[in-house]
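2 protein chains.
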Amino acid sequence: MRILYVEDEKFLADAVIHVLDKSGISVDWTADGEEGLDLAVKPIYDAIVLDVMLPGISGFDILKTLRERNIKTPIIMLSALSQAEDKIKGLNFGADDYLAKPFKTSELVARLRALTRRPPLQDEKIISFGDLYYNLEDRTLNDIHLSEKEAVIMESLMKNPDHVQSKEYLLTHGWGSDSVGEENYVEVYISYLRKKLEKLKSNCKIKTIRSLGYKLCSKS
Amino acid sequence: MRILYVEDEKFLADAVIHVLDKSGISVDWTADGEEGLDLAVKPIYDAIVLDVMLPGISGFDILKTLRERNIKTPIIMLSALSQAEDKIKGLNFGADDYLAKPFKTSELVARLRALTRRPPLQDEKIISFGDLYYNLEDRTLNDIHLSEKEAVIMESLMKNPDHVQSKEYLLTHGWGSDSVGEENYVEVYISYLRKKLEKLKSNCKIKTIRSLGYKLCSKS
DNA sequence: AATGATTTTAAGCTTTCTTTAAGAAAGGTA
DNA sequence: TACCTTTCTTAAAGAAAGCTTAAAATCATT
Numbered sequence: 001m002r003i004l005y006v007e008d009e010k011f012l013a014d015a016v017i018h019v020l021d022k023s024g025i026s027v028d029w030t031a032d033g034e035e036g037l038d039l040a041v042k043p044i045y046d047a048i049v050l051d052v053m054l055p056g057i058s059g060f061d062i063l064k065t066l067r068e069r070n071i072k073t074p075i076i077m078l079s080a081l082s083q084a085e086d087k088i089k090g091l092n093f094g095a096d097d098y099l100a101k102p103f104k105t106s107e108l109v110a111r112l113r114a115l116t117r118r119p120p121l122q123d124e125k126i127i128s129f130g131d132l133y134y135n136l137e138d139r140t141l142n143d144i145h146l147s148e149k150e151a152v153i154m155e156s157l158m159k160n161p162d163h164v165q166s167k168e169y170l171l172t173h174g175w176g177s178d179s180v181g182e183e184n185y186v187e188v189y190i191s192y193l194r195k196k197l198e199k200l201k202s203n204c205k206i207k208t209i210r211s212l213g214y215k216l217c218s219k220s
Numbered sequence: 001m002r003i004l005y006v007e008d009e010k011f012l013a014d015a016v017i018h019v020l021d022k023s024g025i026s027v028d029w030t031a032d033g034e035e036g037l038d039l040a041v042k043p044i045y046d047a048i049v050l051d052v053m054l055p056g057i058s059g060f061d062i063l064k065t066l067r068e069r070n071i072k073t074p075i076i077m078l079s080a081l082s083q084a085e086d087k088i089k090g091l092n093f094g095a096d097d098y099l100a101k102p103f104k105t106s107e108l109v110a111r112l113r114a115l116t117r118r119p120p121l122q123d124e125k126i127i128s129f130g131d132l133y134y135n136l137e138d139r140t141l142n143d144i145h146l147s148e149k150e151a152v153i154m155e156s157l158m159k160n161p162d163h164v165q166s167k168e169y170l171l172t173h174g175w176g177s178d179s180v181g182e183e184n185y186v187e188v189y190i191s192y193l194r195k196k197l198e199k200l201k202s203n204c205k206i207k208t209i210r211s212l213g214y215k216l217c218s219k220s
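Pasting the structure below:
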């Protein structure tokens, strides 16, 4: 399970993140509301945990914007004010749950599990790596369309990121086992994909391991 | 089994190292937290034993940094404070076990054995010697890329460190059995590899045994 | 059939690796 | 020491692998 956590109190965030980690929940954390919103629109999270009080944009604003854009990722609101008022406001805006600070992290884990146990609201099948998300249904990478051959390669790389895949392997997967000698197909499409990753300003890249193949990995 | 032990109390460290040695566990020891972190990131240890109280950087910091970098080497924390608080903090941060000082060294051995009995968390195919680790999948030596010929020689030397391998042997392995008389190939690539070991500031080197061949061994 | 998208083909270009060769250095021996 | 052998190092030529592009061919849709 992967969640987004928008919280400006670093101390609290650290503690929460490590408990969630322990529970096998991987967390992307940001202290910034704007950045939180940018991340929250991506269809890669199983849930979003939103603090209400944030510098700049408020948690409510994020929640509202997301629901207006018809993004249905489950959201849990966190608020220092244990006011019923806040809770009602949040739930009315489309939050799925509400937790008053201070809370037990075990409580948060339980609610996350409860939320994501529900039949997923998003029925798209998505695989993600780094800042990339690939939608198997409509063959889009971060919402841009891929052709069939582009897709078959990207899909393979994303299903096994950080691992080298040979040209022969990619070729037989995309074109069938009788395509030996046509390695240039793969080179051409790797080139196309790189151009698209470039355009997306992704923090991932396709790395060539000469004479072995390619792997998808994060830049650096 | 090879472990990293970060501990600033030299007297204790000496005793522990002695016992572990006796149990066939080889230990790299450092008293310095910074150096500990530098070593800990290398994928050559079966486990890491971390004292909490260290001059400079704390054991928790090291633990946290490692887990943030997604390094999954099993870690045992040592703490003078037998406080439940410390234990919980450590385990929440991703430690695999916790031992309160003073402890019986036999206890430490037992826990190390228990930890490393588990299926390996690292899925990379890596062979290591000294401070060197060679990744068979993408042909990197301490994360720097090797060409095919460099790789075939390095791999051979690392699989049988401290043993002399003749030029003829390395030649037929890398180039095929019909390459007799081309010993200079091997000489050239040994030279390239030495340059890379130099760049890595490795504590290992390739030693020439005149008229017999080469062996990989630690400097000194 | 016309249009646009995708795939295949091919050629030229760039980068990286391997081979070659020659001179320098080191080691061994009379 | 002088001489011979082995090993080291380097640079440069040549080969191989990979990249990019554009045009031709194919396919799908209206």
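First to last, the sequence lines map onto chains A and B. Taking this note's numbering, the leading residue of the first sequence gets 1, the next gets one more, and so forth. Taking this note's numbering, the leading residue of the second sequence gets 1, the next gets one more, and so forth. Ideal placement from N, C-alpha and C gives every residue a C-beta, glycine not left out. Since we're looking at a predicted model, the values are computed, not measured.
Q. Buried or exposed: leucine 141/A, going by 16 or more other Cβ atoms within 10 Å of its Cβ?
A. The residue labelled residue 141/A in the question sits at position 141 within the first sequence. Buried, by the Cβ-count rule.
(Q) Taking 7 angstroms as the limit between beta carbons, can you name the residues of its chain near glycine 230/A, skipping five residues before and five after? (A) This structure does not reach residue 230/A, given that chain A is present from 1 up to 220, and the question cannot be answered.
(Q) Are there any heavy atoms of the ligand GTP lying less than 8 angstroms away from the beta-carbon of valine 186/B, as far as the coordinates show? (A) Here there are no bound small molecules, and the ligand GTP is not part of this structure.
Q: Starting from valine 49/B, trace the beta strand (DSSP E) both ways and give me its first and last residue.
A: Taking the first residue of the second sequence as position 1, residue 49/B is located at position 49. Segment 47-51, the beta strand (DSSP E) holding valine 49/B.
Q: Could you run through the stretch 194-209 of chain A and flag, in chain order, every residue whose CB is less than 8 angstroms away from some CB of chain B?
A: Ile209
(Q) I'd like to know if glutamate 150/B contacts chain A, where contact means its C-beta is closer than 9 angstroms to some C-beta of that chain. (A) Indexing the second sequence from 1 puts residue 150/B at position 150. Chain A contact via Cβ: absent.
Q. Of the residues that make up the stretch 91-116 of chain A, which ones have a beta carbon closer than 7 angstroms to any beta carbon in chain B?
A. none
Q) Nearest-angstrom Cα distance between serine 211/A and lysine 205/B? A) Residue 211/A sits at position 211 when you count from the first residue of the first sequence. Residue 205/B sits at position 205 when you count from the first residue of the second sequence. Distance between the alpha carbons of serine 211/A and lysine 205/B: 27 angstroms.
Q.
Runs of 3 residues minimum, wholly inside the stretch 58-82 of chain B: which ones carry the beta strand (DSSP E) assignment?
A. 75-79
(Q) Measuring straight from C-alpha to C-alpha, what distance separates phenylalanine 129/B and leucine 108/B? (A) For the purposes of this step, residue 129/B is taken as the residue at position 129 of the second sequence. For the purposes of this step, residue 108/B is taken as the residue at position 108 of the second sequence. Roughly 24 angstroms separates the two Cα atoms.
Q: State buried or exposed for glycine 176/A, treating a residue as buried only when at least 16 other CB atoms are found within 10 Å of its CB.
A: The residue given as residue 176/A occupies position 176 in the first sequence. Glycine 176/A comes out exposed.
Q: Please confirm if methionine 158/A has its CB atom under 9 angstroms from at least one CB of chain B.
A: Position 158 of the first sequence holds residue 158/A. Not closer than 9 angstroms to any Cβ of chain B, the Cβ of methionine 158/A fails to qualify, so no.
Q. Buried or exposed: which applies to histidine 18/A, given that a residue is buried once 16 or more other Cβ atoms fall within 10 Å of its Cβ?
A. Locating residue 18/A in the first sequence gives position 18, counting from the first residue. So histidine 18/A counts as buried.
Q. If we ignore side chains and look at the alpha-carbon of each, how far apart do aspartate 131/A and threonine 30/B end up?
A. Within the first sequence, the letter at position 131 stands for residue 131/A. Within the second sequence, the letter at position 30 stands for residue 30/B. Looking at the two C-alpha atoms, the distance is approximately 37 angstroms.
Q.
Measuring CB atoms only, is the stretch 47-56 of chain A touching the stretch 7-15 of chain A, in the sense that at least three cross pairs come out at less than 8 angstroms?
A. yes
Q. Are there 16 or more other CB atoms within 10 angstroms of the CB of leucine 193/B, so buried, or fewer, so exposed?
A. The count along the second sequence starts at 1 and reaches residue 193/B at position 193. Under this definition leucine 193/B is a buried residue.
Q. So with Cβ pairs under 9 angstroms, would you call glutamate 155/B a contact of chain A?
A. Position 155 of the second sequence, counted from the start, is the residue given in the question as residue 155/B. So no, glutamate 155/B is outside the interface.
Q.
Is lysine 64/B close to chain A? Criterion is C-beta to C-beta, closer than 9 angstroms.
A. For the purposes of this step, residue 64/B is identified with residue 64 of the second sequence, where counting begins at 1. Yes, because at least one Cβ of chain A sits closer than 9 angstroms to the Cβ of lysine 64/B.
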